[in-house]
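Chains as they are written, first to last, in the numbering used here: chain A, 916 to 1256; chain B, 267 to 533.
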Amino acid sequence: MSVVLGYVATLGVYFCIYNIFAFGLNIQFGYAGILDFTVITFMAIGGYIAGVAVLPPEQRGTEIFYVLGWNLPWPIALLLGMVAAGLLGFLIGLVALRRLRSDYLAIVTLASGTIVYDVINNYNKLFDGAAGLVGVPQPYTSVFGVNPNTYTWYFLAVSAVIMLVCWYVANRIYSSPLGRTMRAIREDMDVAEAFGKDAFRVRMLAMVIGCMFVGLGGVLTIAYVSALSPAGWTTGETFVIWAALIVGGKANNWGAVVGSFLVAVLFNEATRFLPAIPGSPNLVSDIRNMCIGGMVIVTLWFRPQGVVPERKARFPQLPVRGATTPVSVAVGATGGAGSAG
Amino acid sequence: MIAAGGNGRSPGARTLLSVEGLVRHFGGVRAVDGASFTIEEGTISALIGPNGSGKTTTVNLIAGALRPQAGRVAFDGVDIAGRLPHQVAGHRLIRTFQISREFAAMTVLENLMVSPLHQSGERLWNVLFRPGRYRAEERAHLEQALAVLDEFGLYAKRDDYAGNLSGGQKRLLELARAVMAEPRLLLLDEPMAGINPALTDRVAEHVLRLRDAGVTFLLVEHNLEIVERICDHVVVLALGSTLATGTMAELRQDEAVVRAYLTGGGA
């Protein structure tokens, strides 16, 4: 029984983490329209930096290399991980956001992510290359107890609290004038600029905040799994998060939650616990990816706005100041765009 | 039905915008080639000229969407040539686009709420830690937006997605949204393009009303009848430079202008 409960709790932890990823991507793509095709890179940076911050200094002669090794307590490592992910987002944003939009922007983010991946994978002095970090101490095991099943429940509680804070911040931004300006930039960047909005600043804000969210998710990942290697954050993982947001519904954080549950938890994580089929070791994971791909196609075909679409903005009802009788002349266009000047 | 325009009011009024020797070439095409003119505060000016005379490019150069290769654009005495679009807009010089470009997936009311310049609720720090700072401001903007929507006859449409409006309503929304930014100078790029005559009159009425409320206008317009009715001052561009300026009545007598319109300015 406790094994089943531990399994449910594990899924719960992944659910919380994927929610945080999806909120982060939602701020970037759903709010501000930034096509960030390297989401998972920021998760990795957040995780790695938090990992090397809590690990003890590397031991000479072990052939295990990593930077820092500061033995820091978890809360500080968590902040460092978030800041590192935000900083990387800022650097990529400097290249990608100044002049580029839509697909060109997507290509630059994908390329930047690939560069980061190859550097970390091949230069083993950073985070021990392809082997990755292992044995990262889990936070507060002495406080919560070392039994894996009960520990998972404590970890779930912690992740849930962090996820709720992220939920609150993401929604707070969405309903603020800042969020409105982000959405205006998503709709038409030139027009938003013609109304005095510094699109570069606002998109950079969305980029960095989103990266910090994703980085925070990465910190939780390495804290829970206590290991992270390049095999765990290939480009394909980015598109699991994208699939979650597209299926769930962009620009609505409920959509991010529903999508995380359907795509990331039900299909991606729960199926990892299925037994491998003898003779075809990759069959389960291949079927998993096919299911996720199929879900994206079905969503885009039948319900392109996602399961939970973006909600209409609501404003308090106010009487019109000095109201005149509304003019009810039929307003119609003769159609067609204007001639060129 | 429309108040007589072209009254050439307050001669010698303050110059709000002055453009001097503006140049922008695209490869071998001299889109704008030394255009110069001034706009007096509180007037409605028109920028007319044959197709390809550089009107829209001039608007883009003034509004910062393009960088001029030479020349000066002074707005209220400040040189704004080469500034970025959002910096130009920050001086309350607001432009609209030739085709309606509403924020389609946002409501009509939201489209207006985006407009006010320098909103304190656009600062992340205020959003996260001091929401009280912008709550009152937001309410004031909401009241203003509803009043503007009422003036433009769009009040009933306030909660519709802007993308679902008719072509004519989108034109009105463009103007309403620009008004919401409390502009000193409004650059309207063909505000009457593609709308029916009844609506053209309404747009013209709005422009006259706003002029009387203190907004200065520069219109790019092909409809010379409208120009004659509402504009105090007309600038004629041909081949990217200023061919003539004056009132429409004066320009009708100007042989060079008539020839430019018939021949595209080449003769």
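Virtual Cβ for every residue (Gly too), placed ideally from N, Cα, C. Since the structure is predicted, the reported quantities are computational estimates derived from the model, not experimental observations.
Taking 7 Å as the cut-off between beta carbons, none of the residues of the region 999-1018 of chain A comes near chain B. A straight-line Cα-Cα distance of about 10 Å links residue 969 of chain A and residue 963 of chain A. When A/986, A/975, A/979, A/954 are compared, the shortest CA-CA separation from residue 967 of chain A is found for A/986.
Taking 8 Å as the CB threshold, residue 1109 of chain A lines the interface with chain B. Using beta-carbon distances, residue 1230 of chain A counts as an interface residue toward chain B, with a partner under 8 Å. Comparing alpha carbon positions, the residue from B/302, B/478, B/360 closest to residue 1112 of chain A is B/360. Among the residues of the region 1057-1084 of chain A, those with a Cβ less than 9 Å away from any Cβ of chain B are 1084, in the order of the chain.
Contact between residue 1011 of chain A and residue 1127 of chain A does not hold, since the beta-carbon distance rounds to 17 Å and is not under 8 Å. Runs of the beta strand (DSSP E) lying entirely within the region 279-312 of chain B, each at least 3 residues long, are 281-292, 295-306 in chain order. Within its own chain, the residues whose Cβ lies closer than 6 Å to the Cβ of residue 972 of chain A, once the five positions on either side in sequence are excluded, are 984, listed in chain order. Neighbours of residue 483 of chain B in chain A, taken as residues at a C-beta separation under 7 Å, are lacking, since the least C-beta distance is about 16 Å.
In this structure, residue 481 of chain B and residue 437 of chain B do not form a Cβ contact; the two beta carbons are roughly 17 Å apart against a cut-off of 8 Å. If only complete runs of 3 or more residues are kept, the region 403-456 of chain B shows the beta strand (DSSP E) at 451-455, in order along the chain. Our two residues, residue 424 of chain B and residue 417 of chain B, have alpha carbons roughly 12 Å apart in a direct line.
Setting aside the 5 residues that flank it on each side, residue 442 of chain B is surrounded in the same chain by 378, 414, 415, 418, 420, each with a C-beta closer than 7 Å to its C-beta; the list follows chain order. Under DSSP, residue 344 of chain B shares a beta bridge with B/341. Inter-residue distance for residue 1058 of chain A and residue 1154 of chain A is about 36 Å (C-alpha atoms, whole angstroms). The alpha carbon of residue 495 of chain B has as its nearest neighbour, out of B/515, B/505, B/504, B/508, the alpha carbon of B/515. Cα atoms of residue 527 of chain B and residue 490 of chain B: separation of roughly 11 Å, rounded to the nearest angstrom. Of B/370, B/285, B/356, B/389, the smallest CA-CA separation from residue 508 of chain B is found for B/285.
Residues of the region 376-388 of chain B with a C-beta less than 9 Å from any C-beta of chain A: 376, 377, 379, 380, 381, 382, 383, 384, 385, 386, 387, 388, listed in chain order. Chain A places a beta carbon closer than 8 Å to that of residue 408 of chain B, counting this residue as a contact. Here the C-alpha atom of residue 924 of chain A lies approximately 6 Å from the C-alpha atom of residue 1068 of chain A. The Cβ-Cβ distance between residue 943 of chain A and residue 1122 of chain A falls below 8 Å. Counting every other CB atom within 10 Å of its CB across the protein chains shown gives residue 1076 of chain A a total below 16, marking it as exposed. Any Cβ of chain B closer than 8 Å to the Cβ of residue 1233 of chain A would place that residue at the interface, and such an atom is present.
For residue 507 of chain B, the enclosing beta strand (DSSP E) covers residues 507-512. In this structure the region 350-367 of chain B lies against the region 444-456 of chain B, because at least three pairs of beta carbons, one per stretch, are closer than 8 Å.
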